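**Q**
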Amino acid sequence: MTRHDDPFVRYLRSKEAVDDRALHRPTLADLGDRLEEHAESNPGEPLRVVSVGAGTGAMCRRLLSWGVFDAHDDIKYVMVDRRKGMADQAAKEFAKWSHAAGWAAVPTKDGFRIERHGRRVSLTYVTSDLFDAMSALPKAIDLVIAHAVFDLLPLRRAVDSLVSRLVAGGYLYAPITFDGRTAFGPPHDADDDILDAYHETMRDGDSAGPDTGSALLSVLPEFGADIVSAGGSDWVVHPEHDDHERIFLDRILGFVEQSVGDVDSVDDDELKRWLATRHRQLEFGELSYIAHNIDILSQLD
Ligand SMILES: C[S@@+](CC[C@H](N)C(=O)[O-])C[C@H]1O[C@@H](n2cnc3c(N)ncnc32)[C@H](O)[C@@H]1O
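241 is the number of the first residue of the sequence shown in this note's numbering; add one for each residue after it.
So, in structure tokens, the structure goes:
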């Protein structure tokens, strides 16, 4: 891990419990049911999963812990993230988690093999841009997971790339996809200026932007991936905060500062005043925060 990654990795760790609460359970249950049917109709075959923008692999640990893959005895799970140092950090998190969860873990050249009660999961970490990684993979993926990442990507190109490596009938699961609304409380007179500017910065370059969740609902079918389940997965954090929520909120305020700090239309003093108030509210346990996200499960025709 590089020093540069520390705050981001801490943010990802702090985000885990917020995501746990937020994930849209009917969509997740549908994914579990469909994977069970997949196991029944492909006996003896491994489940092949690729997770892009995987960070430290929190979603893989969660899906294993929550039993979503329980119908499969053999899982090949590839995690792709372009951020250097993330693979080492993921290895640390998996080592800790597998020990606590009773999986026997054997390190491999590029990840881990974990086993428990006759079930095997091979975990491979690839440090690469996802577009390069996907084009190097065979068209043999049963499930692609894009967790909290689509808003950072050029939408159509990303959907095309991720869907292109799915087998017929394969799934694309996009949980915690940001969809256009951020709110902090208590209300502040600069909220509209700051948060409108914050959302506008998400349109930078070719990234999918603030309305990614809604856009995905119409873009996926254009690429042959029908929406089979979807629902809201809003982050809602309110007082009293635990330690993870304090770190999480501090990082979210950091993201607003970083992005809006470069925007000409927002006065520096107004931003400073808003941030000072929000940090004070965080310190005194008064801050609330909502971000609207959508979870989507789609299936290739
Ligand atoms: C908000 S984080 C989410 C991490 C993880 N999915 C989670 O929610 O815990 C987005 C991740 O996507 C990665 N990422 C962004 N664009 C990427 C790209 N083009 N290729 C590979 N990884 C990318 C970032 O490095 C970052 O780790």
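In this text, a Cβ means the ideal position worked out from N, Cα and C, and glycines have one as well.
Keep in mind that this is a model prediction, so the values were computed, not measured.
#1: Using the Cβ count rule (16 or more neighbours within 10 Å means buried), how would you classify Thr242?
#2: State the Cα-Cα distance for the pair Asp245 and Ser281, rounded to the nearest angstrom.
#3: For Asp321, verify whether its CB is less than 7 Å away from any heavy atom of ligand 1.
#4: Please report the straight-line C-alpha distance between Phe418 and Phe463, rounded to a whole angstrom.
#5: For ligand 2, is there a heavy atom less than 7 Å away from the beta-carbon of Gly453?
#6: Helix, strand or coil: which one does DSSP assign to Gly420?
#7: Which same chain residues, not among the five before or five after Leu402, have their C-beta less than 7 Å away from its C-beta?
#8: Between Gln521 and Asp431, what straight-line distance do the alpha-carbon atoms span, to the nearest angstrom?
#9: Just tell me which of Asp273, Ile434, Gly449 has its CA closest to the CA of Asp306.
#10: May I ask you to check if the CB of Val399 is nearer than 7 Å to at least one heavy atom of ligand 1?
#11: CA-CA distance, Val308 and Ala335?
#12: Does His478 pass the burial test, meaning 16 or more other C-beta atoms within 10 Å, or should it be called exposed?
#13: What first and last residue would you give for the alpha helix (DSSP H) that runs through Ser362?
#14: With a CB to CB cut of under 6 Å and the five nearest residues on each side skipped, what residues in its chain are close to Arg353?
#15: Would the beta-carbon of Thr364 fall within 8 Å of that of Met326?
#16: Residues in its own chain within less than 8 Å of Ile381 by CB, not counting five upstream and five downstream?
**A** Short version:
#1: Only weak support exists for where Thr242 lies, its pLDDT of 46 falling under 50; the value from the coordinates is given anyway. It is exposed - the Cβ of Thr242 has fewer than 16 other Cβ atoms within 10 Å.
#2: For Asp245, the predicted structure reports a pLDDT of 48, less than 50, and the residue's modelled location is therefore unreliable. A value from the coordinates is still provided. So the two alpha carbons sit approximately 42 Å from each other.
#3: yes
#4: 20 Å
#5: Ligands present in the displayed structure are limited to ligand 1, and ligand 2 is not among them.
#6: strand
#7: Val292, Met374, Val384, Ala386, Leu412
#8: 14 Å
#9: Just to set this straight, residue 306 is Trp in the shown sequence, not Asp. When only C-alpha atoms are compared, the closest one is Asp273.
#10: no
#11: 20 Å
#12: exposed
#13: Not the alpha helix (DSSP H): Ser362 falls in the beta strand (DSSP E), residues 359–367.
#14: Val346, Ser362
#15: no
#16: Arg288, Val289, Val290, Arg405, Leu406, Val407, Gly410
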